[in-house]
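Going by my numbering, the first residue of the sequence shown is number 1, and it counts up by one from there.
Glycine included, every Cβ here is placed at the ideal spot set by N, Cα and C.
Quick notes on the structure that follows.
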Amino acid sequence: MSLSLSRHSIKQLQFLVPGLAITYYLETFTHLWTLRTCLIGDVYRRSAARTSLVSGALTIGLFLYILLIPWIKGQQPNYRSWRESGELSKVIPLLTACMVIGWPLLSFTLGHWSSLGYLEGIVGATGMYALIFGVLGLIPAPRYHRQ
């Protein structure tokens, strides 16, 4: 049995494998979940952890929405000229804002309120985002075929 991987899959694995290793080694998700569910402590810690989780969930949801637009809307969007697209011109800036807010907030939250410290917090947040983007990049974009 031969396993042939496309260039695209190998490129995505370059994000997925290091992201998975970093997230596992630093126990990033465990630290974040502990901060979110901790009953003792200040409200800022829980709020920052929840906000970074919501931002991450929105990032994942918006990426999936962009991938599934052909099935949802029944038309193939032009991703190259997304600024002219009514749908993509709203979703892509929102996706960018979620990433711009989510990653630094996750880095700060892990660095300030967990035992990781700032450097490992940044590395852990980067690993978690790389893992998520690697997994999302492996999802094939559906093509809408006109009849």
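Item to check | CB-CB length for THR28 against GLY124, believed under 8 Å | outcome: Contact between THR28 and GLY124 holds, with the beta-carbon distance rounding to 4 Å and staying under 8 Å.
Next on the checklist: Is it the case that the stretch 21–38 contacts the stretch 82–97, given that we only count it when at least three CB pairs across the two stretches are under 8 Å?
Outcome noted: Contact between the stretch 82–97 and the stretch 21–38 is absent, because fewer than three Cβ pairs lie under 8 Å.
Next on the checklist: Please identify the residue among GLY61, TRP103, PRO18, LEU67 whose C-alpha is closest to the C-alpha of PRO140.
Outcome noted: LEU67
Item to check | Where the alpha helix (DSSP H) containing TRP71 begins and where it ends | outcome: 43–73
Checklist entry - Would ALA48 pass as a contact of LEU105 if the rule is Cβ separation under 8 Å? => result yes
Checklist entry - Are THR126 and LEU35 closer than 8 Å when you measure CB to CB? => result Between THR126 and LEU35, the C-beta spacing is not below 8 Å.
Checklist entry - Any idea if SER2 is buried or exposed, counting beta-carbon neighbours within 10 angstroms, 16 or more meaning buried? => result At SER2 the pLDDT is 47, less than 50, meaning the model places this residue with poor confidence and gives no usable figure here.
Checklist entry - Which value, in whole angstroms, describes the spacing of the CA atoms of PRO18 and GLY134? => result 10 Å
Next on the checklist: Relative to the C-alpha of LYS90, which candidate in PHE63, ASP42, MET128 has its C-alpha closest?
Outcome noted: PHE63
Checklist entry - Going by the CB atoms, is the gap between GLY56 and GLY86 shorter than 8 Å? => result no
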